[in-house]
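Taking it in order: structure first as structure tokens, then the write-up.
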């Protein structure tokens, strides 16, 4: 069954935010809602793989979400300044980790050695 990106984001946004399980390890990245025009932040609870789409990708929105979730211990994020600034403003105890996808220069898998 195929599903369009608009339908997928509508379904994700309609999910209730689960408060019954604390988010300890959080993944954060940006996503294009409308290419080159509208962007948002997508947050993933790395334990449950449950997504949360924020309204935008600003530092203030990310910091506000983090202040409502003080249990976050680690944030795996890309190197965007808005995520860095939002994480610094929203939580002081969480460690920030830049994920390998955004750090690695080639983003292509290395060839396996022969023999």
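Numbering (this note's numbering), first residue to last: 583 to 697. For glycine and all other residues, C-beta sits at the position ideal for the given N, C-alpha and C.
{"Item": "Span of the alpha helix (DSSP H) holding residue 667?", "Value": "663–672"}
{"Item": "Checking contacts by CB at 8 Å: is residue 613 closer than that to chain D?", "Value": "Structure shown: chain D not included; a single protein chain is present."}
{"Item": "In this structure, what does DSSP give as the bridge partners for residue 677?", "Value": "656"}
{"Item": "For a test of the three-state rule: what should DSSP assign to residue 626, helix, strand or coil?", "Value": "strand"}
{"Item": "Could you give the DSSP three-state label for residue 594: helix, strand or coil?", "Value": "helix"}
{"Item": "Can you tell me which of 622, 642, 640 puts its alpha carbon nearest to the alpha carbon of residue 634?", "Value": "622"}
{"Item": "Which of helix, strand or coil does DSSP assign to residue 650?", "Value": "helix"}
{"Item": "Do residue 627 and residue 608 come within 8 Å of each other at the CB atom, strictly closer than that value?", "Value": "yes"}
{"Item": "Out of 632, 673, 618, point me to the one whose CA is closest to residue 643's CA.", "Value": "673"}
{"Item": "Thinking C-beta only, is residue 659 closer than 8 Å to residue 630?", "Value": "no"}
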